[in-house]
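A.B. asks: Take this structure first; my questions come after.
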Amino acid sequence: MISKSFLKSSLIFTLGGALPMVASIILLPFYTNYLSDVNYTQVAFYISISLLFQILFSFSIESYFGIKYTQLHEEPQKQKKFIGTISILLLAIGFVLLLFTALFGNYLFGKIYRTDLQMQFWPYGFYSVLTAFFNSYFKASTIGLIYLKKAKLFLIVNFINFIATIVISVAGMYAFPNTIIGPIYGRLLSGVIIFLLAHYIFIKQGNFIFEKTFIKDLVQFCTPYVFYVICWWILGQIDRYILQSYIANADLNAYDLVLKCFFGIEFLQNSLSAVIFPKLYQIWTKEKTNTTTKESNRYFNVFTAINIIQLILFCVFIPIIYKLIINNTNFYRSQVYIGILAAGYALRSIFNFYLSTILFTKKIYVLLKILGISALVQIIITIIAAKHFGLMGAIYAGLITKVLQIILCMLFTKKVFTYQFNYFKIIIVPIIYVIINVAQFLIFKNYNIILYALQLLVFGAIFFVLFKNEIKQTLVSFGLKKQF
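307 is the number that our numbering gives to position 135 of the sequence shown; each next residue is one higher, with no gaps.
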């Protein structure tokens, strides 16, 4: 039975971890209402730069931290040395990368961005990179708090970051209208605050000593993870870089905004995975064979149902919310293709089905092949499609890439796991949703809320018939419903 204290701390960690994403979503209406088209595009690219460099600065150390720290549970002094070593290593990586960007950033900006976008490395580009360094250092420290079981401190420091980012950003937009000072300094100054908090955590919880013996294992573990995360960045960001040469700023901004709104969907998908993956690992460990079972499949049946329902609701409510909080009507044009974008996110339930087996068997090289090929294909297709079809070319390229990921998962995991499952429930149902949304987009050229309401009724009925028992049994397994 799951204890109340465990549930309470898990809830606190989940809420605290969600605050940066919530802050980003809260700021979106301010960006749309108080920034010009060019300023919005600039901010979108500066944030994208920051996300990329956060990956580089962190070197995926936060993914390694929990594993090594847990392995040292019988040696508290070594745990402290490990925490100190992580802090020093992150500072060293930060210094090297900041020096590199200071030397070559201006040249790279000139090669990457359109001249009329007026993207400047000095000072805003460098500030974005510096913000990434602060965020990566902070994230590593807060991951440490999870394994140190300091839930309240985790929530407090994340809440400070949340408030500082919003308050400074909004105040800056009011004080300096028609500039990007507010968004840039909001992230930078809140970054300074959380960097100081992170350093306090590292000093308080660890010994500030560099222990070389930790480095070899860390590098071996983290190097492939860095490539893995970079592939995800490419899959999620590269289309904007390609599209800048082929479409107007207003269209690029509308597309960027709706994709940022999908962050909420991704967060819910990741949260659901974080809940069910440990259950799956328990089942497969108990079975002692790398084979899917009816019990493990049940969780993905539920994942499929929840994912599609939340996507339909997203398509219903986001256009309504747009009109309530966004004054710039240029951003409303994204509602036309919200359904076809949602189709790609429906495939996440299939991808996570295979992802869980890859992670359970620790076959990270398989995941790297899948994402590496997907990222390369997306770049190639997007360049070709965007040149000839503009924004719709990039959207179709993204959907094709997500379908390719599923095909690659099926091909590359044959030797990883033995798969026995109901293809209709796990594979066909999401595919049906994709086909319906593509057909709806091709037939009906304008957004129509009634069509999504009908989707809700149809899939609600399908899930009630197909997954009624699975949903009940899943609720029972989590202690949310009594045995029936």
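Note that beta-carbon positions come from the ideal geometry of N, C-alpha and C, so glycine has one too. These numbers come from a predicted model, not from an experiment.
1) Can you give, in chain order, each stretch of the alpha helix (DSSP H) that sits fully within the stretch 355 to 426 and has at least 4 residues?
2) In this structure, does DSSP put residue 463 in helix, strand or coil?
3) Taking Cβ positions, are residue 394 and residue 540 nearer each other than 9 Å?
4) Count the CB pairs spanning the stretch 474 to 485 and the stretch 509 to 527 that are closer than 8 Å, and state whether there are at least three.
5) Under a CB-based cut-off of 9 Å, is residue 338 close to chain B?
6) Report the three-state DSSP secondary structure of residue 351 (helix, strand or coil).
7) What does DSSP give as the partner residue(s) for residue 590 in the beta ladder?
8) List in chain order: all unbroken alpha helix (DSSP H) runs of 4+ residues lying wholly within the stretch 257 to 333.
9) Find the nearest neighbour of residue 335 within the set 193, 448 and 297, judged by alpha-carbon distance.
10) Is residue 534 helix, strand or coil when you go by DSSP?
11) With a threshold of 6 Å on Cβ separation, who are the neighbours of residue 593 within its own chain once the five nearest residues in sequence on each side are excluded?
12) What number of angstroms, rounded off, separates the C-alpha of residue 502 from the C-alpha of residue 337?
13) Where are the beta strand (DSSP E) runs, 3 residues long or more, that stay fully inside the stretch 522 to 576, in chain order?
14) So the candidates are 220, 610 and 589; which of them puts its Cα closest to the Cα of residue 461?
15) Expressed to the nearest angstrom, what Euclidean distance is found between the alpha-carbon atoms of residue 440 and residue 308?
16) Confirm, please, whether the CB-CB distance from residue 265 to residue 237 is below 9 Å.
17) Tell me where the alpha helix (DSSP H) around residue 218 begins and ends.
18) What number of angstroms, rounded off, separates the C-alpha of residue 220 from the C-alpha of residue 637?
19) With respect to the alpha helix (DSSP H) encompassing residue 235, which residues constitute its N-terminal and C-terminal limits?
20) Specify the secondary structure class of residue 438 as computed by DSSP and reduced to three states.
21) Is there contact here, the stretch 203 to 217 with the stretch 491 to 511, by at least three beta-carbon pairs under 8 Å?
22) Please state whether the Cβ-Cβ distance between residue 416 and residue 289 is less than 9 Å.
23) Confirm, please, whether the CB-CB distance from residue 456 to residue 348 is below 9 Å.
24) For residue 428, collect the residues of the same chain with a Cβ closer than 7 Å to its Cβ; drop the 5 residues on either side in sequence, then sort them by chain order.
25) Pairs of beta-carbons, one from the stretch 509 to 517 and one from the stretch 476 to 494, closer than 8 Å: are there three or more?
26) If we ignore side chains and look at the alpha-carbon of each, how far apart do residue 601 and residue 630 end up?
27) Terminal residues of the continuous alpha helix (DSSP H) containing residue 519?
28) Taking just the CA atoms, how far does residue 545 sit from residue 552?
29) In or out: residue 450 buried (at least 16 other Cβ within 10 Å) or exposed?
30) For the stretch 292 to 311 and the stretch 361 to 375, state whether three or more C-beta atom pairs, one from each stretch, are separated by less than 8 Å.
31) In whole angstroms, what separates the C-alpha of residue 379 from that of residue 452?
32) What residue from 550, 558 and 581 has the CA that sits closest to residue 571's CA?
33) Which residue comes first and which comes last in the alpha helix (DSSP H) that contains residue 612?
34) Using 10 angstroms around the beta-carbon of residue 287, count the other beta-carbons present and answer buried if the total reaches 16, otherwise exposed.
35) Pull up the CB-CB distance for residue 222 and residue 300, whole angstroms please, since I reckon it's below 8 Å.
C.D. replies: With the given structure in hand:
1) 387 to 415
2) strand
3) no
4) yes
5) This model lacks chain B altogether, as it is built from one protein chain only.
6) coil
7) According to DSSP, residue 590 bridges with 463.
8) 298 to 319
9) 193
10) coil
11) 464 and 469
12) 26 Å
13) Within the stretch 522 to 576, no complete beta strand (DSSP E) run reaches 3 residues.
14) Among 220, 610 and 589, the Cα nearest to that of residue 461 belongs to 589.
15) 22 Å
16) no
17) 209 to 230
18) 43 Å
19) Here the alpha helix (DSSP H) through residue 235 covers 233 to 243.
20) Of the three classes helix, strand and coil, the one that applies to residue 438 here is helix, per DSSP.
21) With the cut-off at 8 Å, the stretch 203 to 217 and the stretch 491 to 511 touch.
22) yes
23) no
24) Correct list, in chain order: 216 and 412.
25) yes
26) 12 Å
27) Careful: residue 519 lies outside any alpha helix (DSSP H) and carries neither H nor E.
28) 11 Å
29) exposed
30) yes
31) 37 Å
32) Minimum Cα distance to residue 571 is reached at 550.
33) Taken as a continuous stretch (DSSP letters only), the alpha helix (DSSP H) holding residue 612 covers 601 to 615.
34) exposed
35) 4 Å
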